[in-house]
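Here the protein sequences come in this chain order: E and R.
Per the numbering used here, residue 1 is the first one in the first sequence, and the count goes up by one each step.
Per the numbering used here, residue 1001 is the first one in the second sequence, and the count goes up by one each step.
First comes the structure, then the notes that go with it.
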Amino acid sequence: MNANENPVWSLVLTFGLMSLFAVGGANAAIPEMHRVAVDLRHWLTDKQFADVFAISQLSPGPNVLIVTLIGYAVAGFWGALAATLAMCLPTAVLAYGVSRLLGRSSRSPWPAMIQAALVPLSIGLMGASALIVAQAADRTFLAVLVTLVAAVLAFATRLNPLWILLAGGCLGLAGVI
Amino acid sequence: MTLDSPPATAAVPDVPASDRQPPPGVMTLFVAFAKMSLAGFGGVLPFARRAIVDQHRWMTADEFNETFALCHFLPGPNIVNLTFVFGSRFRGIVGAVAALAGLIGPPLVLVMILAALYAHYGEIAALRRVLAGISCAAVGLLVAVVFRMMLPMVKRRDVVGLLLMVAIFIAIGVLQLSLQAVLLVAIPISLAITFVVRRLSA
């Protein structure tokens, strides 16, 4: 029965489960999204995944909306909606429950301790995200150069990231990349 | 107090009136989060902090940091968790749903339009070139975020943390192992190390 499995349902299962392991937020879960959507399920090609990442970064709103685009590619409107809610709701409800449990006045050392333990892991995951998307996006020497310049600009200046993305888009249109 | 607040509203807050505004209503929550979300290119968090703490004064900076710390140690999109918990603090579940709908709803509509356009026109050569350029820049932005986050660890010479970071980078980015499997091994190790280090330095 797996062959005619409802795609909306498999999106819900995939992203619902993934959200529970999304340590460090949506951008840290990109390698796992890539592994599942491109390598395992063949929902998207490598190139489409890089496009989806670009569109999600270009759009305002939380980074989690990359999941909306993957869902749309798999099953249109309902796929997009289902994937987004599956990625957002379980952990939001979990956070609500934990915040009520801990209470406002609690001085438990555990949240700070767990957070400190997770920081190196989430930075490693974000680095992996950059590597995964770079493998699809940076195919020429000039493309790598654009990435490096964008990284330096974003690191060293307070420039709105939107301008950096648009500059990249213009260079792309001009045929530089 | 220049505001003509009706005396019937809630209890008198125990902080100076100039520090905190009255709790927002459901509609206000929706609109406020929609605004932050639509302003948030490359992450909503800085905009959320500015709106909640500086502009509306619904929380003090400390309260905001405390709520964020809670949402950051839990899995899932941090800003989504923060929004849901924040909304619930003021208006219960209804407030939580209203704030979340504001955060996700408007950009969701926008992204769906972009997705539909991409599905139709994604193969046009000019658009392909633009997207290729944006992808390259977007990777650069991500690299910058990684280095910004690494900076405090480098400054404190946190060698163990940096080694853990590199190990995760290799396991997930280079070897492309399953996230679940890697985290089930890495989280206990990292927790144990953090616990021991804190005990030793205490």
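Note that beta-carbon positions come from the ideal geometry of N, C-alpha and C, so glycine has one too.
### Query
Should residue 57 (chain E) be labelled buried (16 or more other beta-carbon atoms within 10 Å of its own) or exposed?
Working through the first sequence from its first residue, we reach residue 57 (chain E) at position 57. With a threshold of 16 other beta carbon atoms within 10 Å, residue 57 (chain E) meets it and is buried.
query: At least one CB of chain E closer than 8 Å to the CB of residue 1013 (chain R): is that the case?
result: As a working mapping, residue 1013 (chain R) is identified with position 13 in the second sequence. Here the model assigns residue 1013 (chain R) a pLDDT of 43, short of 50, so the residue's position is not dependable and the matter cannot be decided.
| Straight-line Cα distance separating residue 1177 (chain R) from residue 1153 (chain R) | Counting from one through the second sequence, the residue named residue 1153 (chain R) turns up at place 153. Counting from one through the second sequence, the residue named residue 1177 (chain R) turns up at place 177. Rounded to whole angstroms, residue 1153 (chain R) and residue 1177 (chain R) show a C-alpha spacing of 25 Å.
Comparing the C-beta of residue 141 (chain E) with each C-beta of chain R, is any distance below 8 Å? As a first step, residue 141 (chain E) is located in the first sequence; it is residue number 141 there, counting from the start. Residue-level contact check: residue 141 (chain E) does not touch chain R, since none of the beta carbons of chain R fall below 8 Å from its beta carbon.
- Message: Which residues does DSSP list as the beta-bridge partners of residue 60 (chain E)?
- Response: Counting from 1 along the first sequence, the entry for residue 60 (chain E) is found at position 60. DSSP lists R:1041 as partners of residue 60 (chain E).
- Using a Cβ-Cβ cut-off of 8 Å, state whether residue 1169 (chain R) counts as contacting chain E. Translated into positions along the second sequence, residue 1169 (chain R) becomes position 169. Closer than 8 Å to some Cβ of chain E, the Cβ of residue 1169 (chain R) qualifies, so yes.
Report all residues from its chain with a CB closer than 7 Å to the CB of residue 1071 (chain R); omit the five preceding and five following residues, and keep chain order.
As a working note, residue 1071 (chain R) is residue 71 in the second sequence. Within the same chain, Cβ atoms closer than 7 Å to the Cβ of residue 1071 (chain R) are found at 1078, 1081, 1082, 1085, the five residues on either side in sequence being excluded.
Original post:
Relative to the alpha-carbon of residue 1098 (chain R), which residue among R:1171, R:1160, R:1024 has its alpha-carbon at the smallest distance?
Top reply: For this step, residue 1098 (chain R) is matched to residue 98 along the second sequence. Selected option, being the one with the closest Cα: R:1024.
Residue burial classification, residue 110 (chain E) (beta-carbon count within 10 angstroms, cutoff 16)
As a first step, residue 110 (chain E) must be located in the first sequence, where it is residue number 110. By the 16-neighbour rule on beta-carbons within 10 angstroms, residue 110 (chain E) is exposed.
**Request:** Using 10 angstroms around the beta-carbon of residue 77 (chain E), count the other beta-carbons present and answer buried if the total reaches 16, otherwise exposed.
**Result:** In the first sequence, counting from the first residue as 1, residue 77 (chain E) sits at position 77. Per the 10 Å Cβ criterion, exposed.
Euclidean distance between Cα positions of residue 1073 (chain R) and residue 115 (chain E): Here residue 1073 (chain R) refers to the residue found at position 73 of the second sequence. Here residue 115 (chain E) refers to the residue found at position 115 of the first sequence. Straight-line Cα distance between these residues: approximately 5 Å.
- Which bits of chain R does residue 16 (chain E) rub up against, with CB to CB less than 8 Å? Stepping through the first sequence from its first residue, residue 16 (chain E) is reached at position 16. Within 8 Å Cβ-Cβ: nothing; residue 16 (chain E) doesn't reach chain R, min ~10 Å.
Residues that residue 7 (chain E) contacts on chain R, provided the C-beta gap is smaller than 7 Å: Taking the first residue of the first sequence as position 1, residue 7 (chain E) is located at position 7. In chain order: nothing, as chain R lies at least about 15 Å away.
| message | Could you check whether residue 1040 (chain R) and residue 60 (chain E) sit closer than 8 Å to each other, using their CB atoms as the reference points? | response | Against the first sequence, residue 60 (chain E) aligns to sequence position 60. Against the second sequence, residue 1040 (chain R) aligns to sequence position 40. In this structure, the beta-carbon distance from residue 60 (chain E) to residue 1040 (chain R) falls below 8 Å.
Output yes if chain E places a C-beta closer than 8 Å to the C-beta of residue 1077 (chain R); else output no. As a working note, residue 1077 (chain R) is residue 77 in the second sequence. True, the Cβ-Cβ gap to chain E drops below 8 Å.
For chain R, check one thing: does any of its Cβ atoms lie closer than 8 Å to the Cβ of residue 65 (chain E)? As a working mapping, residue 65 (chain E) is identified with position 65 in the first sequence. Proximity of residue 65 (chain E) to chain R, defined by a Cβ-Cβ separation below 8 Å, is satisfied.
Next on the checklist: Counting only C-beta atoms, is residue 138 (chain E) closer than 8 Å to chain R at any point?
Outcome noted: Residue 138 (chain E) sits at position 138 when you count from the first residue of the first sequence. For residue 138 (chain E), the answer is yes, since a Cβ of chain R falls inside 8 Å of its Cβ.
- Which same chain residues, not among the five before or five after residue 73 (chain E), have their C-beta less than 8 Å away from its C-beta? The residue given as residue 73 (chain E) occupies position 73 in the first sequence. Contacts found: 43, 44, 48, 52, 79.
Q. Under a three-way DSSP split, which group does residue 1153 (chain R) fall into?
A. In the second sequence, the residue the question calls residue 1153 (chain R) occupies position 153. Residue state, collapsed to three classes: helix.
Euclidean distance between Cα positions of residue 1027 (chain R) and residue 1021 (chain R): As a working mapping, residue 1027 (chain R) is identified with position 27 in the second sequence. As a working mapping, residue 1021 (chain R) is identified with position 21 in the second sequence. So the alpha carbons of these two residues sit roughly 16 Å apart.
>> Within a Cβ cutoff of 8 Å, which residues of the same chain sit near residue 1016 (chain R), ignoring the five residues on either side of it in sequence?
In response: Within the second sequence, residue 1016 (chain R) is the residue found at index 16, counting from 1. For residue 1016 (chain R), the predicted model reports a pLDDT of 48, less than 50, meaning its position is unreliable and no value from the coordinates is stated.
Express the C-alpha separation of residue 65 (chain E) and residue 1174 (chain R) in angstroms, rounding to a whole number.
Taking the second sequence and counting its residues from 1, the one referred to as residue 1174 (chain R) is at position 174. Taking the first sequence and counting its residues from 1, the one referred to as residue 65 (chain E) is at position 65. Computed Cα separation, rounded: 25 Å.
Would you give the residue range spanned by the alpha helix (DSSP H) that residue 1081 (chain R) belongs to? Locating residue 1081 (chain R) in the second sequence gives position 81, counting from the first residue. Looking at the DSSP string, the run of the alpha helix (DSSP H) that includes residue 1081 (chain R) is 1078-1121.
For residue 70 (chain E) and residue 11 (chain E), what's the separation of their Cα atoms in angstroms?
Numbered from 1 along the first sequence, position 70 holds the residue referred to as residue 70 (chain E). Numbered from 1 along the first sequence, position 11 holds the residue referred to as residue 11 (chain E). So the alpha carbons of these two residues sit roughly 9 Å apart.
**Prompt:** What residue from E:164, E:140, E:165, E:129 has the CA that sits closest to residue 1166 (chain R)'s CA?
**Reply:** For this step, residue 1166 (chain R) is matched to residue 166 along the second sequence. Nearest C-alpha to residue 1166 (chain R) among E:164, E:140, E:165, E:129: E:129.
Check your understanding: What is the C-beta distance between residue 168 (chain E) and residue 1137 (chain R), in whole angstroms, given that I count them as a contact (C-beta under 8 Å)?
Key -> Along the first sequence, read from residue 1 onward, the residue named residue 168 (chain E) stands at position 168. Along the second sequence, read from residue 1 onward, the residue named residue 1137 (chain R) stands at position 137. Sure, about 3 Å apart at Cβ, within 8 Å.
How long is the line joining the alpha carbons of residue 1199 (chain R) and residue 127 (chain E), rounded to whole angstroms? On the second sequence, residue 1199 (chain R) is found 199 positions in, with the first residue counted as 1. On the first sequence, residue 127 (chain E) is found 127 positions in, with the first residue counted as 1. Cα-Cα distance, rounded: 29 Å.
On the DSSP letters alone, give me the boundaries of the alpha helix (DSSP H) that residue 1059 (chain R) sits inside. Locating residue 1059 (chain R) in the second sequence gives position 59, where the first residue counts as 1. Segment: none, residue 1059 (chain R) is in no alpha helix (DSSP H) and carries neither H nor E.
Review point. Is DSSP giving residue 133 (chain E) helix, strand or coil here?
Key: Within the first sequence, residue 133 (chain E) is the residue found at index 133, counting from 1. Of the three classes helix, strand and coil, the one that applies to residue 133 (chain E) here is helix, per DSSP.
*asked:* With a threshold of 8 Å between beta-carbons, can residue 1199 (chain R) be considered close to chain E, or not?
replied: Working through the second sequence from its first residue, we reach residue 1199 (chain R) at position 199. For residue 1199 (chain R), the answer is no, since every Cβ of chain E falls outside 8 Å of its Cβ.
Residues near residue 1161 (chain R) in its chain [Cβ-Cβ closer than 6 Å; skip 5 each side]: Counting from 1 along the second sequence, the entry for residue 1161 (chain R) is found at position 161. Only 1153 meet the Cβ criterion.
query = Can you tell which of E:134, E:140, E:142, E:141 has the C-alpha that lies nearest to the C-alpha of residue 1139 (chain R)?
reply = For the purposes of this step, residue 1139 (chain R) is taken as residue 139 along the second sequence, with counting starting at 1. A check of alpha carbon separations from residue 1139 (chain R) across E:134, E:140, E:142, E:141 identifies E:134 as the nearest.
message: Contact between the segment 13-27 of chain E and the segment 79-94 of chain E is defined here as three or more beta-carbon pairs at a separation below 8 Å; is this criterion met?
response: With a cut-off of 8 Å, the segment 79-94 of chain E and the segment 13-27 of chain E count as touching, because enough Cβ pairs lie within range.
*Which residues, taken in chain order from the segment 93-104 of chain E, show a beta carbon closer than 9 Å to some beta carbon of chain R?*
Under the 9 Å Cβ criterion, the segment 93-104 of chain E contributes 93, 94, 95, 96, 98, 99, 100, 102, 104.
task: Would you decide whether residue 34 (chain E) is buried or exposed? Buried here means 16 or more other CB atoms lie within 10 Å of its CB.
output: As a position in the first sequence, residue 34 (chain E) is number 34, starting the count at 1. By the 10 Å Cβ count, residue 34 (chain E) comes out buried.
* Asked: Is the CB of residue 45 (chain E) under 8 Å away from at least one CB in chain R?
  -> Reading the first sequence from its first residue, position 45 is the one you call residue 45 (chain E). Not one beta carbon of chain R lies nearer than 8 Å to the beta carbon of residue 45 (chain E).
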